[in-house]
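Participant: Mind looking over this structure? Questions follow.
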Ligand code: GGG
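Numbering (UniProt numbering), first residue to last: 1 to 361.
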């Protein structure tokens, strides 16, 4: 290895279902980059076999000391969580949400854009410039974990459950500043804030108030506040009018799935769960879940996971390498190497090999 080489230590957590297939694909792409770097770059992988199989063996989704074990890595590369043998709320809280919340990954960034050769339901619409960043508040809101069961005390048939959404002024402010700072790096300097503050008069009104206050510090950035139902319609009807969209944990979770479906498939969508202060490692994962219906068949779309690996490279400051991966994905798609969710017949391995082929373009 050359004296100027850099080694990045990455914790790979394939998780469940197609998670193992897409994480393998992303690792191959990064390892190909390293192999082509004349020793300047190295990725040192440690795999953690956590997920629903681990739950079946041990009664927990991850090791008890797992948080301590991943804390020292430069990043986490995550696949997917969830399998029909474990209730979804148990698997999600036991692994993905546990990692995000304990590693204070409070900003979840989910880019949405077209890829050449991929048919989108929006292609015919006002969509030439579809290029969004959905910024999801990732630490509180509707996924704060507050609530309880059996409030009526009357048991089955008359049960009352409460699920509270918690919005703190500090939590709202940091995600909004993050969104505004991101908007300043983009051609279109605009932030659209999403709430349902006409119907939810406490937390969402606080969100609106903080948004207005933060916006005053960014007079160069255009703003709008849109109700979530209207934003869902706007995604479809006026996609070119959006740039950065900032929303709560639940709203952005839903809207980013809609966005990726509008771009062509959930399988294309990449994401970064960031701890912007860099006190803890950030986590990179495709937006899609474990897809039990196609798991193990070798046909899942690795593009979301490979795009997430590119986001990880950017987080490491490797912008040129990230650009190579993103261009290679575009070239593979343009060549028609597409999995079946986007109308092709290619396998996961075919797409991965095509991306690696194009790294040298
Ligand atoms: N790769 C992401 C994943 O497995 N997501 C499963 C899921 O349901 N996530 C919910 C969330 O994003 O909060």
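The C-beta atom is built at its ideal place from N, Cα and C for all residues, glycine as well.
In chain order, what are the residue ranges of uninterrupted beta strand (DSSP E) at least 3 long that sit wholly in the segment 217 to 247?
Facilitator: Segments of the beta strand (DSSP E) lying fully in the segment 217 to 247: 222 to 227 and 244 to 247.
Participant: With residue 355 and residue 334 assumed to form a contact (beta carbons below 8 Å), what rounded beta-carbon distance in angstroms separates them?
Facilitator: As a working mapping, residue 355 is identified with position 355 in the chain shown. As a working mapping, residue 334 is identified with position 334 in the chain shown. That pair is no contact at about 12 Å.
Participant: On the three-state DSSP scale, how would you describe residue 361?
Facilitator: Position 361 of the chain shown, counted from the first residue, corresponds to residue 361. In the structure shown, residue 361 sits in coil (DSSP, three-state: anything other than H, G, I, E or B).
Participant: Beta carbon of residue 316: closer than 7 Å to some heavy atom of ligand 1?
Facilitator: For the purposes of this step, residue 316 is identified with residue 316 of the chain shown, where counting begins at 1. Outside the cutoff, so no.
Participant: Classify residue 281: buried if its beta carbon has 16 or more other beta carbons within 10 angstroms, exposed otherwise.
Facilitator: Position 281 of the chain shown, counting from 1, holds the residue named residue 281. Its Cβ being crowded by 16 or more others within 10 Å, residue 281 is buried.
Participant: If you run the structure through DSSP and keep just helix, strand and coil, what is residue 120?
Facilitator: The residue you call residue 120 lines up with position 120 of the chain shown. DSSP places residue 120 in coil when its eight states are reduced to three.
Participant: Check whether the Cβ of residue 285 sits closer than 7 Å to any heavy atom of ligand 1, and report yes or no.
Facilitator: For the purposes of this step, residue 285 is taken as the residue at position 285 of the chain shown. Within the cutoff, so yes.
Participant: Between 31, 216, 151 and 11, which lies nearest to residue 72 when the distance is taken from Cα to Cα?
Facilitator: Start at 1 with the first residue of the chain shown, and residue 72 comes out as number 72. Considering only alpha carbons, the answer is 11.
Participant: Report yes or no: do the segment 96 to 108 and the segment 267 to 276 share at least 3 C-beta pairs separated by less than 8 Å?
Facilitator: Because the criterion of three Cβ pairs below 8 Å is met, the segment 96 to 108 and the segment 267 to 276 touch.
Participant: By Cβ distance, which residues of its chain are closer than 6 Å to residue 358, with the 5 residues on each side in sequence left out?
Facilitator: Counted from its first residue, the chain shown places residue 358 at position 358. Within the same chain, residue 358 has close Cβ partners 328, 331 and 332.
Participant: Is the closest heavy atom of ligand 1 to the C-beta of residue 248 under 7 Å?
Facilitator: Within the chain shown, residue 248 is the residue found at index 248, counting from 1. Not under cutoff, so the answer is no.
Participant: If we count the other Cβ atoms within 10 Å of its Cβ and call it buried at 16 or more, is residue 143 buried or exposed?
Facilitator: Reading the chain shown from its first residue, position 143 is the one you call residue 143. The residue is buried, with at least 16 neighbouring Cβ atoms inside 10 Å.
Participant: Three-state secondary structure (DSSP) at residue 312?
Facilitator: In the chain shown, the residue the question calls residue 312 occupies position 312. Residue 312: helix per DSSP, three-state reduction.
Participant: By Cβ distance below 7 Å, which residues in the same chain neighbour residue 25 in space, the five residues on each side in sequence not counted?
Facilitator: The residue you call residue 25 lines up with position 25 of the chain shown. Contacts found: 302, 305, 306, 348 and 352.
Participant: Can you list, in chain order, the stretches of the alpha helix (DSSP H) that have 4 or more residues and sit fully within the segment 267 to 350?
Facilitator: Runs of the alpha helix (DSSP H) inside the segment 267 to 350: 303 to 315 and 319 to 334.
Participant: Considering residue 181, what are the terminal residues of the alpha helix (DSSP H) in which it resides?
Facilitator: Counting from 1 along the chain shown, the entry for residue 181 is found at position 181. That run of the alpha helix (DSSP H) goes 169 to 183.
Participant: Does the distance from the CB of residue 62 to the CB of residue 95 come in under 8 Å?
Facilitator: What you label residue 62 is simply residue 62 of the chain shown in a count that begins at 1. What you label residue 95 is simply residue 95 of the chain shown in a count that begins at 1. Yes.
Participant: What residue range is occupied by the uninterrupted beta strand (DSSP E) comprising residue 46?
Facilitator: Stepping through the chain shown from its first residue, residue 46 is reached at position 46. Residue 46 -> beta strand (DSSP E) spans 41 to 47.
Participant: Sorted by chain position, which residues of the same chain lie with C-beta nearer than 7 Å to residue 260's C-beta, five sequence neighbours on each side aside?
Facilitator: For the purposes of this step, residue 260 is identified with residue 260 of the chain shown, where counting begins at 1. The answer, listed in chain order, is 112, 266, 268, 269 and 287.
Participant: Relative to the C-alpha of residue 199, which candidate in 228, 182, 193 and 215 has its C-alpha closest?
Facilitator: As a first step, residue 199 must be located in the chain shown, where it is residue number 199. Checking every option, the nearest Cα to that of residue 199 belongs to 228.
Participant: Just verifying my parser: in three-state terms, what is the DSSP assignment at residue 207?
Facilitator: Against the chain shown, residue 207 aligns to sequence position 207. Helix.
Participant: Could you tell me whether the Cβ atoms of residue 33 and residue 324 are closer together than 8 Å?
Facilitator: The residue you call residue 33 lines up with position 33 of the chain shown. The residue you call residue 324 lines up with position 324 of the chain shown. Yes, the pair counts as a contact, with Cβ atoms nearer than the cut-off.
Participant: Cα separation between residue 90 and residue 56?
Facilitator: Along the chain shown, read from residue 1 onward, the residue named residue 90 stands at position 90. Along the chain shown, read from residue 1 onward, the residue named residue 56 stands at position 56. Rounded to the nearest angstrom, the two C-alpha atoms are 12 Å apart.
Participant: Are there any heavy atoms of ligand 1 lying less than 7 Å away from the beta-carbon of residue 303, as far as the coordinates show?
Facilitator: Along the chain shown, read from residue 1 onward, the residue named residue 303 stands at position 303. No; taking the cut-off as 7 Å, the Cβ of residue 303 has no heavy atom of ligand 1 nearer than that.
Participant: On the DSSP bridge assignment, give the partners of residue 191 in chain order.
Facilitator: Residue 191 sits at position 191 when you count from the first residue of the chain shown. DSSP lists 223 and 244 as partners of residue 191.
Participant: Quick one: measure Cβ to Cβ for residue 66 and residue 290, integer angstroms, because I've assumed they're closer than 8 Å.
Facilitator: Translated into the one-based positions of the chain shown, residue 66 becomes position 66. Translated into the one-based positions of the chain shown, residue 290 becomes position 290. 19 Å between Cβ atoms; not a contact.
Participant: In the DSSP assignment, find the beta strand (DSSP E) that holds residue 162 and state where it starts and stops.
Facilitator: Looking up residue 162 in the chain shown gives position 162. That run of the beta strand (DSSP E) goes 162 to 166.
Participant: In chain order, what residues of the same chain lie with their CB nearer than 6 Å to the CB of residue 78, ignoring the 5 residues before and after it?
Facilitator: To locate residue 78, count along the chain shown from 1; it is residue 78. Excluding sequence neighbours, residue 78 sits near 13, 283 and 285.
Participant: Counting only the same chain and skipping the five closest in sequence on each side, list residues whose C-beta sits under 6 Å from that of residue 231.
Facilitator: Walking along the chain shown from the start, residue 231 turns up at place 231. Excluding residues within five positions, the ones whose Cβ falls inside 6 Å are 194.
Participant: Less than 8 Å between C-beta atoms, sequence neighbours within five positions excluded: which residues of the same chain meet that for residue 169?
Facilitator: As a working note, residue 169 is residue 169 in the chain shown. For residue 169, where only same-chain residues beyond five positions count, the Cβ hits under 8 Å are 206 and 210.
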